[in-house]
Each structure stands twice: as C-alpha cells, then as structure tokens.
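Residue numbers (my numbering), protein chains in the order written: chain A, 17 to 261; chain B, 7 to 83.
Below you'll find the structure, written out as structure tokens, and then a few comments.
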Amino acid sequence: MFDLTGKCALVTGASGGIGADIARALHSAGASVGLSGTRVEPLEALAAELGERAFVLPCNLSDMEAVAELPKQAIAAMGSVDILVNNAGITRDNLFMRMSDDEWQSVLDVNLTATMKLCKGVMRGMMKARWGRIVNISSIVGATGNPGQANYAASKAGMIAMGKSLAYEVASRGITVNAIAPGFIETAMTDKLTEDQKGGILAQVPAGRMGTPNEIAAAVIYLASAEASYVTGATLHVNGGMAML
Amino acid sequence: MSDIADRVKKIVVEHLGVEEDKVVEGASFIDDLGADSLDTVELVMAFEEEFGIEIPDDAAENIQSFGDAVKFISEAA
C-alpha cells in the first residue's frame, strides 16, 4: 500500500521540520523528491541523508520570478512533477489593529500566492499525464482563526478554498487537490514556547500531546497515493482532536 | 487544405475523439465538438507543442473554433 515508486514529488519548505519529514516519507515510499527551501545547508544535509532520488532545489518563495522557475527546475531535475506538496509557510504575527500592510502582504505572498503559482506551474504536466497529486499544508488556524494571526489564518484558509476550486476544475483529469490542516506539531517553532504556554495549549488537545512531523508526513503519503484517487477537495485535520471539523 | 489545418484537425480529432468530417471551419469546440472548458485549455497546450509557438492566455480565450485555431496559428507560425 502507498507505493510511490516512479513518482516525482516537489516539496517546498523541505528545510523545516515538517517538510523534511514529508520528504523523507515520500522518499521511503519510493518517490524521487525535489527538496525546496530558502536555506541550502539543511537541504544539502537532507539530500545527503536520503541519497539517490533526492534533488536540492533552493527557492525563495517571496521572489515570484524564482517561484515561476521552480517547477521548471524540478522537471529538469526529475523529469516531471507528479506530486506537489506546498508546505512552505511563514508567520509574521501581530494584533490585527497593529498589523502593517507589509506584514499582511508578505505572508499572503509566500503562503498563498506562491502556492497558486506552483500549482499553475505543475498543472500542464499533470493534465497531460492524466495523473497528479497536490497536497497543500494548511493549518488548523485556517479553519478556526487565531488571535495575532489574521494574515497567517487568511493565507491558510485561502489555500483550502483555492485548492477546492482547483480540485473541481481538474478532477476529471485524474488530478486531486487536497489540504492537510495540522494542529500543534513539535517543530523548531513550538520548541520556543515556554512550559506554561505548552501546558495551556495541551489543555485544549484531547490527545494530551503535541503531534509529530511524521504524523503529518503520513497524511501526505496517503493523499499522494494511488489509493486516495477518489479523495479530492478534502481537508484532512491532523490535530489530536483539538478541533473536530 | 493547408498543412496547418491538417495538423490542427489531427489534434482536435485525437483529443476530442470526434469524426474528422465534423471538424469544419466554423465548428465550435464546445458547442459542436463536445469539448468542456478544460478541453479547450488542453487543445491550446497541444497546439503550442505541435507548432512550437506560445499562445498567450488572452489570445487563447478567443480560440473557440477550429477556424479560429487555424487562423491564429497561421498568423503566428
């Protein structure tokens, strides 16, 4: 089950905790993986760890010209992009009343606009192949909202709704577009929280613990698989029961 | 019939699975040949590859019939 041998996957944000585990899982399921991110060093380290079938494709997703080039570079390196995982994301938190236009725009650009452009860039190949998988890594806050994260929440909700619209359009071509909405996951970002903060968060999680990056990766593998061919436009919530949507 | 028209017709016949004699000058991809809107996008993609040209999105929107396609490509190629 969930054999991705022969498939080529492009993962953005592969230098981060969740993205790296997504890339590892895709690779161990047999896929070739294009590792994209802004920081080259962790990408090189991950590629070295994975060995064959791993390609480093650095890209700054706030640079829209670079974003337009990334699918082409991925196709040049791997031959095709059959699976696109839009995992990269940034936060610039602030109270809504204090949020600057720049804080708003930069988050929307990287999280939503870059996702749209990457979907567009891989779509031609997927349509011709009559097979494709797009997995957008959204967030629980895209469904629930979160104080201090109006920009981030809007971008993550936007990924879900854009994905649903695209899913409608390309479903007849064997292409699925789905989202995963992680809850609280152990990453470098959540490591910075104090014990008190963590305690407060965990009180809201029925599972009583944070999730791990590989629990997100497992959801990606499912949605990327041939077995999930009838699942499209869905949002898979992976949050330990924190929000049962 | 010109070479371009023959090549365009071949693509349309293959892609939409229609009879060759249905693909006439004024035949609308959607109204007469059973294409959906995404088929028209795919046809344009196929024309681009066959003729090695780039068809901008605003021009692509105006390619609604077999005749439109032949005319555009004849001018562009």
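Virtual Cβ for every residue (Gly too), placed ideally from N, Cα, C.
Quick caveat: nothing in here was measured; it's all calculated off a predicted structure.
> Can you name the residues that DSSP bridges to Val72(A)?
Replying inline: To locate residue 72(A), count along the first sequence from 1; it is residue 56. Paired residues: Leu51(A).
> Helix, strand or coil: which one does DSSP assign to Gly148(A)?
Replying inline: Here residue 148(A) is taken as the residue at index 132 of the first sequence, counted from 1. Strand, per DSSP.
>> Using CA atoms only, rank isn't needed, just tell me which of Asp27(B), Phe53(B), Ser34(B), Glu67(B) is closest to Ser91(B).
In response: The question about residue 91(B) has no answer, for chain B in this structure spans 7 to 83.
>> My assumption, with CB atoms under 8 Å, is that Val16(A) sits in contact with Val56(A). Please give the rounded CB distance.
In response: With chain A covering only 17 through 261, there is no way to say anything about residue 16(A).
>> Please list, in chain order, the residues of the region 216-243 of chain A that have any C-beta partner in chain B closer than 9 Å.
In response: none
>> Is it buried or exposed, Met205(A), if we count other Cβ atoms within 10 angstroms and call 16 or more buried?
In response: Here residue 205(A) refers to the residue found at position 189 when the first sequence is read from its first residue. When all chains shown are included, Met205(A) counts as exposed.
> Are the C-beta atoms of Ile44(B) and some chain A residue less than 8 Å apart?
Replying inline: Looking up residue 44(B) in the second sequence gives position 38. One detail in the question is off: residue 44(B) reads as Leu in this sequence, not Ile. Output row for Leu44(B): interface = yes.
> For Glu185(A), which residues in chain B fall below 7 Å Cβ to Cβ?
Replying inline: In the first sequence, the residue the question calls residue 185(A) occupies position 169. Under the 7 Å cutoff, chain B gives Leu44.
> Of the residues Leu218(A), Ala197(A), Asp207(A), which one's Cα is nearest the Cα of His253(A)?
Replying inline: In the first sequence, counting from the first residue as 1, residue 253(A) sits at position 237. The residue with the shortest Cα to Cα distance from His253(A) is Ala197(A).
> Which chain A residues are close to Glu48(B), counting only those with a beta carbon under 7 Å from its beta carbon?
Replying inline: Translated into positions along the second sequence, residue 48(B) becomes position 42. Going along chain A in sequence order, the residues near Glu48(B) (Cβ under 7 Å) are Met143.
>> Between Arg140(A) and chain B, is the shortest Cβ-Cβ distance under 8 Å, so that the two count as touching?
In response: Counting from 1 along the first sequence, the entry for residue 140(A) is found at position 124. Cβ-Cβ to chain B under 8 Å: yes for Arg140(A).
> With 16 other CB atoms within 10 Å as the buried threshold, where does Gln165(A) fall?
Replying inline: Residue 165(A) sits at position 149 when you count from the first residue of the first sequence. Per the 10 Å Cβ criterion, buried.
> Can you name the residues that DSSP bridges to Pro26(A)?
Replying inline: To locate residue 26(A), count along the first sequence from 1; it is residue 10. Here the sequence assigns Leu to residue 26(A), which means Pro is not the residue at that position. Paired residues: Gly50(A), Leu100(A).
>> Considering just the uninterrupted stretch of the beta strand (DSSP E) at Val254(A), what are its terminal residues?
In response: Start at 1 with the first residue of the first sequence, and residue 254(A) comes out as number 238. Note, Val254(A): beta strand (DSSP E), 251-254.
> In the structure shown, what three-state DSSP assignment does Val47(B) receive?
Replying inline: Within the second sequence, residue 47(B) is the residue found at index 41, counting from 1. In this structure, Val47(B) counts as helix in the three-state DSSP scheme.
> How many Å lie between Ser116(A) and Ala195(A) at the Cα?
Replying inline: For the purposes of this step, residue 116(A) is identified with residue 100 of the first sequence, where counting begins at 1. For the purposes of this step, residue 195(A) is identified with residue 179 of the first sequence, where counting begins at 1. Computed Cα separation, rounded: 28 Å.
> Can you list, in chain order, the residues of its chain whose CB lies under 6 Å from that of Asp109(A), leaving out five sequence neighbours each side?
Replying inline: Numbered from its first residue, the first sequence carries residue 109(A) at position 93. Cβ-Cβ distances below 6 Å link Asp109(A) to Gly164, Gln165 in the same chain, with the five nearest sequence neighbours on each side left out; the list follows chain order.
> In angstroms, rounded to a whole number, what distance separates the CA positions of Val123(A) and Tyr168(A)?
Replying inline: Position 107 of the first sequence, counted from the start, is the residue given in the question as residue 123(A). Position 152 of the first sequence, counted from the start, is the residue given in the question as residue 168(A). Each residue's alpha carbon lies about 6 Å from the other.
> Could you check where the alpha helix (DSSP H) with Pro58(A) kicks off and where it finishes?
Replying inline: Numbered from its first residue, the first sequence carries residue 58(A) at position 42. DSSP places Pro58(A) in the uninterrupted alpha helix (DSSP H) bounded by 56-66.
>> Quick check on this structure: which residue in Ile232(A), Thr54(A), Gly137(A) has the alpha carbon closest to the alpha carbon of Ala39(A)?
In response: One-based indexing of the first sequence puts residue 39(A) at position 23. Among Ile232(A), Thr54(A), Gly137(A), the Cα nearest to that of Ala39(A) belongs to Ile232(A).
> Which residue spans inside the region 130-207 of chain A form an unbroken alpha helix (DSSP H) run of at least 4?
Replying inline: 130-145, 157-160, 166-186, 204-207
> Three-state secondary structure (DSSP) at Ser80(B)?
Replying inline: In the second sequence, residue 80(B) corresponds to position 74, counting from 1. Three-state DSSP puts Ser80(B) in a helix.
>> Am I right that Leu86(A) and Leu134(A) are in contact with their C-beta atoms under 8 Å? What's the rounded C-beta distance?
In response: Counted from its first residue, the first sequence places residue 86(A) at position 70. Counted from its first residue, the first sequence places residue 134(A) at position 118. Correct: roughly 6 Å between the Cβ atoms.
> Asp117(A) lies in the alpha helix (DSSP H); which residues open and close that run?
Replying inline: Along the first sequence, one-based indexing puts residue 117(A) at 101. Element bounds for Asp117(A): 117-124.
>> Can you determine whether any heavy atom of the ligand SAH sits closer than 7 Å to the C-beta of Ile237(A), and answer yes or no?
In response: This structure lacks the ligand SAH, and indeed carries no ligand of any kind.
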